[in-house]
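Read through the structure below, which is laid out as structure tokens, and then see the notes.
Protein chains in written order, with the numbering used here: chain R, 13 to 172; chain C, 707 to 1142; chain E, 31 to 725.
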């Protein structure tokens, strides 16, 4: 399978980053970047990345199923990740998660019917001092409040 | 200043460039002492560099607190194998959010730290292993690396010294376990983040089976200052055997949560009250997790102590990764214990029996307990199961899960007892309890 | 030899070589340190934490499976802390284990049961809900029950490290980690079942054996696999005159615990519905069942008649019958029927090797040598397909001793994964390729050369000459195809050879000549199926066939005598390395007789004096008369393998033209393999997986 020229260039750089004979090292970054472009680690991505990294598809699958950010099924256009770990919990992260779930009408690791949103209750995302925090795709939203969350979801709803 | 206002009590060594215009740029870095540590290191013999780091009493900022200079000295310089420098930027201990800032606002400081380490052990390639969630940092670091290469601070023949060093960023993909150094190396090699059997330690057989210096981001970031100002100067900032400053991540129920650079040995109560502005909403302090979620909890009465490795160890806890989580009087400790165990059960790699089964058991047990289905015998059982993991797991994750649990049960037994026999959680108003 | 390290375990001094693991050092003292994940020969895991021991001056308990001995080390395995650690590990392990022992195949031979019994506590404090995951079928022979799995990773390691197949892995993490097959929901692999046998619990179970028996109900009969020529010991689990399983968990035999799908599962041909259980005689153009007396009488009559009028009699022996049967058959043919026309389907040029070696018995490699030799050269053979034990041995040698392996094959082979040089050559080009390796091979301290049926006649002589030219000790293995292909040659099932490779005074027809002779009067085929690929020119010939099934050849016969398989009889077979091992009968099948018994009855009916037709006296005769077979009887009697070293007489001209390797795969085995439903049920049969594999 082919990827965008940018991604191909990134893969090429990746493969040069590791010592000779160590192209397997590119496996996890490749999967992450491929997932960003394709939307999920599809069977086709597994086969392709396995081939490029010189491993078996099973070895790729072992890795994909291990890491929580890699997923075989496509997620929503906006993947809303609400941290409920200790620092966020103490400042209402759990309530924010409930709120998001109610608003979007979906639960943990579910996607809305229109594919716009998916929701995940995530572990610590490294924003403890600016809790509660949310990540939408790779973007951080710090010091969240119920009002800010409503606004955020509404703005994402509007983006064409 | 990023994210939170600085505190006048801070001693800003690693964070001194934070808040400067375009602080991540090489120009800003060079205008504020950038690469001077490296230039001094160039004049030293490798063992002199390591000696300087030893003198600084810099201890690993990832959590274990192992003396950095000693760790570097274990690398067999004479080995015919290539050596590697790996920065652990997998910051994922709950309560910790400092490395993120160091990379975002001063990436060249990290690069210089790694470069000095490379010089000390004769490494020519380095990797920054960044947790997947910090994608934006990869862009920042890649830009910094490009900039440094273009100006001769990385790449071949650095500053005409004849020394070569390349740095690459490498993204993780969501696994707390990869913060453990050998699991990180497995992940760097494209595998599941399962730790390795140690020994051999990474200094001897690390990345790609080669000698490797593997340190936390903050540890590397302290190195340029140490080389520039001398190890003794850094050591003098802290307490004996606990050199320098460190970044504390104050979170939870305080008025001014934030990341603050304070000298080692800074008093915890002062940190909460004077740096953090006190417990929020005028509430009383109940407990503090002093170094990230894997550290045993301190009761309010135990918090009048200096924040350094040895003082925390004497208090039965750990300085850990600098995540100071403050809890007010209304906090349900059963709920906190449960939330912490949920995390470790989620993050257990599954390799060894006690961690895999123990975290799963404790998660279920604490959930039942929190939901009101506990019995008196269960209180003892929680501690027993945690103790059956303690010191027996393949890697420190088992201890990380067991230690706080044991401390919660031992220090807040009355709260566990208050949950018995289906009574609603006494810390939460009826009907408001949220399943964790 | 490095100096020994001295340590104390439980107060008892022990010395061990540097690098020895404490768990093994303890074993020397008879002290058991329990473990699930530690498995000799496989990589270390330190995952099960059962082997935690106290070590003086260590702040916490250490895993004995990863701890090398050190001078002055003091280890304690019987302290309260250790006992408590073991108890808690077992309690933790059992939290999610389903405890369905009453219906679990492993019940009674389960390591988790044994450990819980010996080191565990009697009660569980786990009161939460267990995780249930439905059982999965990975292949016709492999089932997986995830909740029973304790994640010791033995299966993953035996498959990936032991076999080099890489068909099993671990997916997910934490408490939901699970063993997974390489094709998403199913396996595509060798189907060897090693993962099942190595599983300490009932997580991996055999599609053939599951839910059929409790282990203690079976009798366990160790005998030699009847398929390929490697000579693996398979221990058959027999209950009620049925074989229920095959394995080799006691690691007896040349193969240790190794078995391929054939040795472990393909015994099912025995119970195939088409198995012949009554003699058949052709009357009115059709084969009809008759009594043994009638059938033997009919054969004796025609044999006597043909001999009396000097008719042309051809005898075809088998690649699977015992040495005793082969020896007796050639004696029957030569002395009893007065014919020199005796042959078998030759699958490798053993006589050429023996004649090239001219009596150098020490130049014949054993199976054990493949595990210890410093270097090996594989020529014209796909070991993983055709000689799976040898593939396993060489790989183990590479894993454990860094053996240097070279391959010269026509296509990719599994040994390429680790060989130092892999050369691809078209058939016929092997010798040039081999000779091009001379500079590298000369630097090896020793070498074992294994060569397939494609190397024959002059090529074998050239290969041995090449070996001699290297100036290092070289041993050889001439690879043949079936369980007693080697013994067929050794016992003189060839017109030009008497037993022990002595020249036959009056060589008769070869197999091809017999089939082509229009005036053949009698064709007696024992355990072979020549008419599968050829036709019989002599339309009027009287054809007698001894076999298990109505093969193409049997279908043409005038009399068919139902024969016992190797699993139903005693005797000896010789593997491709020349190692003799004993068969033990596992069961009886109604209506059949062993070929040797049939020979004896026929001899009696014909009033021939050929000696007793029982395995023991015939083997004594072989030991006494066949050059190279004077092996120590005690070795065989105790289930061992004794290497023979016959020397071919130099004046026998090689007959490379007669060698026709069968080119079987892991999932085929001549005519016999067709009757194993297991072999033909796996996805890989005939399968894309191995198409295009090398010779």
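Even for Gly, the Cβ is constructed at its ideal location relative to N, Cα and C.
Since we're looking at a predicted model, the values are computed, not measured.
Asked                                                                                                                                                                                    : Found
Taking the alpha helix (DSSP H) that residue 1095 of chain C belongs to, which residues open and close that run?                                                                         : 1082-1095
How about residue 996 of chain C and residue 970 of chain C: are their beta carbons less than 8 Å apart?                                                                                 : no
Enumerate in chain order the residues of its own chain whose CB-to-CB distance from residue 723 of chain E is below 6 Å, with the five nearest sequence positions on each side excluded. : Reliability fails at residue 723 of chain E, whose pLDDT of 40 lies under 50, so the model's placement of it is uncertain and no value is given.
Between the region 138-172 of chain E and chain C, which residues of the former have CB atoms less than 9 Å from a CB of the latter, in chain order?                                     : 155, 156, 157, 158, 159 and 161
In angstroms with no decimal places, state the Cα-to-Cα distance between residue 1122 of chain C and residue 82 of chain R.                                                              : 37 Å
Look at residue 112 of chain R and residue 161 of chain R and say whether their C-beta atoms are less than 8 Å apart.                                                                    : yes
Would residue 118 of chain E and residue 1094 of chain C be called neighbours here (beta carbons separated by less than 8 Å)?                                                            : yes
Residue 77 of chain E CB to nearest chain C CB: under 8 Å?                                                                                                                               : yes
Quick check on residue 695 of chain E: does DSSP put it in helix, strand or coil?                                                                                                        : coil
What is the C-beta distance between residue 726 of chain C and residue 738 of chain C, in whole angstroms, given that I count them as a contact (C-beta under 8 Å)?                      : 7 Å
The alpha helix (DSSP H) spanning residue 842 of chain C covers which residue range?                                                                                                     : 841-856
In chain R, which residues lie with their C-beta within 9 Å of the C-beta of residue 673 of chain C?                                                                                     : In the structure as shown, chain C starts at 707 and stops at 1142, and residue 673 of chain C therefore has no counterpart that could be examined.
When burial is assigned at 16 or more other CB atoms within 10 Å of the CB, is residue 794 of chain C buried or exposed?                                                                 : buried
Is it the case that the Cβ atoms of residue 684 of chain E and residue 338 of chain E are separated by a distance below 8 Å?                                                             : no
How about residue 878 of chain C and residue 838 of chain C: do their beta carbons lie closer than 8 Å?                                                                                  : yes
Can you tell me where the beta strand (DSSP E) with residue 93 of chain R in it begins and where it stops?                                                                               : 90-95
What are the boundary residues of the beta strand (DSSP E) that includes residue 922 of chain C?                                                                                         : 918-922
Going along chain E in order, which residues have a C-beta closer than 9 Å to the C-beta of residue 1094 of chain C?                                                                     : 114, 115, 117, 118, 119, 121 and 122
Since residue 461 of chain E is in the beta strand (DSSP E), which residue starts that stretch and which ends it?                                                                        : Unbroken run through residue 461 of chain E is the alpha helix (DSSP H), 460-466; no beta strand (DSSP E).
Along chain R, which residues have their Cβ under 9 Å away from the Cβ of residue 210 of chain E?                                                                                        : 70, 73, 74 and 77
Determine the contact status of residue 530 of chain E and residue 700 of chain E, defining contact as a CB-CB distance below 8 Å.                                                       : no
Where do the N-terminal and C-terminal ends of the beta strand (DSSP E) with residue 876 of chain C fall, by residue?                                                                    : 872-877
I want to see whether chain R comes within less than 8 Å of residue 278 of chain E, judged by CB atoms only; does it?                                                                    : no
Per the contact definition of three or more C-beta pairs closer than 8 Å, is the region 618-632 of chain E in contact with the region 252-267 of chain E?                                : no
Going by DSSP, what residue range makes up the alpha helix (DSSP H) through residue 1155 of chain C?                                                                                     : Residue 1155 of chain C lies beyond the range of chain C shown here (707 to 1142); nothing can be said about it.
In terms of residues, what are the limits of the beta strand (DSSP E) holding residue 554 of chain E?                                                                                    : 552-556
Are at least three pairs of beta-carbons, each pair with one atom in the region 757-768 of chain C and one in the region 945-955 of chain C, less than 8 Å apart?                        : yes
If the cut is a Cβ gap below 8 Å, which residues of chain C does residue 205 of chain E touch?                                                                                           : 1051, 1054, 1056, 1062, 1063, 1065 and 1066
Would you kindly check if the distance between the Cβ of residue 609 of chain E and the Cβ of residue 673 of chain E is under 8 Å?                                                       : yes
Determine the extent of the alpha helix (DSSP H) in which residue 744 of chain C is found, giving its start and end residues.                                                            : 742-748
Check the Cβ of residue 1070 of chain C against every Cβ in chain E and list those closer than 8 Å, keeping chain order.                                                                 : 158 and 159
In three-state DSSP terms, what is residue 658 of chain E?                                                                                                                               : coil
Going along chain E in order, which residues have a C-beta closer than 9 Å to the C-beta of residue 1074 of chain C?                                                                     : 157 and 158
Could you compute how far the alpha carbon of residue 479 of chain E sits from the alpha carbon of residue 509 of chain E?                                                               : 10 Å
On a Cα-Cα basis, can you pick out the residue from C:1030, C:1071 and C:908 that is closest to residue 1115 of chain C?                                                                 : C:1071
Just to make sure I have the definition right: I need the residues of chain R whose C-beta is within less than 9 Å of the C-beta of residue 443 of chain E. Which are they?              : Here the premise fails: no neighbours, minimum Cβ distance about 18 Å.
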